[in-house]
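Residue numbers (this note's numbering), protein chains in the order written: chain A, 10 to 178; chain B, 10 to 178.
What follows is the structure, encoded as structure tokens:
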């Protein structure tokens, strides 16, 4: 189910683009610079909004790459506007859109490591279940929470997006 | 991967129990009633902390039941203390612990519906990917964000818990 969950991540990144539009609308209606949004935090020692969006993007792209033996595109974490953050979201969505089910054929058994893990590693399946999936939704939801706290007009449907509902038979 | 993701949900519910202990410690150190925690919100029209915990529990238990043709245990949403919320988390963790991989054998093709969906339904796979997984992590992370905003001492490792790292070979 790797492929299908990365498709869900891709969908959620698309929802996040709509949140940034709502944040821009809120800033204009309340006469503050839209780029102030990038600095939002719930508490002083929390990573700001821009980092939450960047890490959600990175978790998805690096997860897909690590689980398929590819190299993810690099992003420099230098966005200074909501428009630039939307560009990053769109870029990572497009990158995830290049993946096919067969790219994840050997994902479960891959050895995955990160520089900060000091040589330790996880199996592809453990990495996906214990790291990628909870982290992705953590940073997406934290970004959403920061906007809710600021008063941006968002609701649960903006988080989930359209679900594939079938009509009564 | 249904079974494995429900195991991850079970683990996250266990992490949430540790957050409630941290919330109790914070309340005592700052001289407010621990049960005030249940009313925390980031903004007036948001469901309070207690509901976030209850819905995370319900999303996991109802997801597992719906995808395996079982009936989930009922909880009455009447918790008035952190201790009672921890009891609910422990109860749902134990319930998820009764599941075996084979319970989800037909999950992908099941028809899943909810009373509020007015007869519409989702396939088991769509329900799991588009509803259960994003909703579960949404409510867990929102509960975490509410505690962070209040100043409770929590960090990312308290969200993820211990990951299965392998030693360098």
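Every residue gets a Cβ at the ideal spot worked out from N, C-alpha and C, and that includes glycine.
What you are looking at is a predicted structure, and each value in this text was computed from that prediction instead of being measured.
C-beta neighbour in chain B for residue i, strict 8 angstroms
i              : result
residue 147(A) : yes
residue 111(A) : no
residue 63(A)  : no
residue 126(A) : yes
residue 2(A)   : With chain A represented from 10 up to 178, any question about residue 2(A) goes unanswered, as that position is not in the structure.
residue 138(A) : yes
residue 27(A)  : no
residue 21(A)  : yes
Under 8 angstroms by beta carbon: chain A residues contacting residue i
i              : result
residue 158(B) : 51, 52 and 158
residue 130(B) : 174, 175 and 177
Any chain A beta carbon closer than 8 angstroms to residue i
i              : result
residue 135(B) : yes
residue 162(B) : no
residue 168(B) : yes
residue 150(B) : yes
Cβ-based burial, residue i [other Cβ within 10 Å; buried from 16]
i              : result
residue 104(B) : buried
residue 52(A)  : exposed
residue 161(A) : buried
residue 106(A) : exposed
residue 230(B) : Summary: the structure shown does not reach residue 230(B), with chain B confined to residues 10 through 178, and so no result is reported for it.
residue 95(B)  : buried
residue 49(B)  : buried
residue 164(A) : exposed
residue 68(B)  : buried
residue 176(A) : exposed
residue 143(B) : buried
residue 75(A)  : buried
residue 157(A) : buried
Nearest to residue i (by Cα), restricted to the options the options
i              : options                           : result
residue 172(A) : 147(B), 139(B) and 159(B)         : 139(B)
residue 20(B)  : 126(B), 66(B), 122(B) and 132(B)  : 66(B)
residue 30(B)  : 82(B), 120(B) and 98(B)           : 98(B)
residue 84(B)  : 77(B), 93(B) and 142(B)           : 93(B)
residue 22(A)  : 159(A), 114(A), 177(A) and 153(A) : 153(A)
residue 169(B) : 36(B), 115(B) and 149(B)          : 149(B)
residue 117(A) : 128(A), 42(A), 72(A) and 144(A)   : 72(A)
residue 15(B)  : 113(B), 128(B) and 178(B)         : 113(B)
residue 86(B)  : 17(B), 137(B), 167(B) and 47(B)   : 47(B)
residue 18(A)  : 62(A), 78(A) and 90(A)            : 62(A)
residue 89(A)  : 58(A), 115(A), 82(A) and 101(A)   : 58(A)
residue 12(B)  : 134(A), 147(A), 159(A) and 174(A) : 134(A)
residue 102(A) : 81(A), 128(A) and 130(A)          : 81(A)
residue 43(A)  : 24(A), 159(A) and 123(A)          : 159(A)
residue 121(B) : 127(B), 115(B), 132(B) and 111(B) : 132(B)
Neighbour list for residue i in chain A, Cβ cutoff strictly below 7 angstroms
i              : result
residue 10(B)  : 10
residue 57(B)  : Under the 7 angstroms cutoff, chain A gives no residues; its nearest Cβ is about 13 angstroms from residue 57(B).
residue 75(B)  : Per Cβ cutoff of 7 angstroms: no residues; residue 75(B) is ~14 angstroms from chain A at best.
residue 154(B) : 51, 151 and 154
heavy atom of the ligand HEM below 7 angstroms from residue i C-beta
i             : result
residue 29(A) : Here there are no bound small molecules, and the ligand HEM is not part of this structure.
Chain B residues whose Cβ lies nearer than 9 angstroms to that of residue i
i              : result
residue 142(A) : 14, 17, 142 and 146
Quiz item: If contact means a Cβ-Cβ distance below 7 angstroms, which residues of the segment 31 to 46 of chain B contact chain A?
Solution: Those residues of the segment 31 to 46 of chain B that come within reach of chain A (Cβ to Cβ, closer than 7 angstroms) do not exist; the list is empty.
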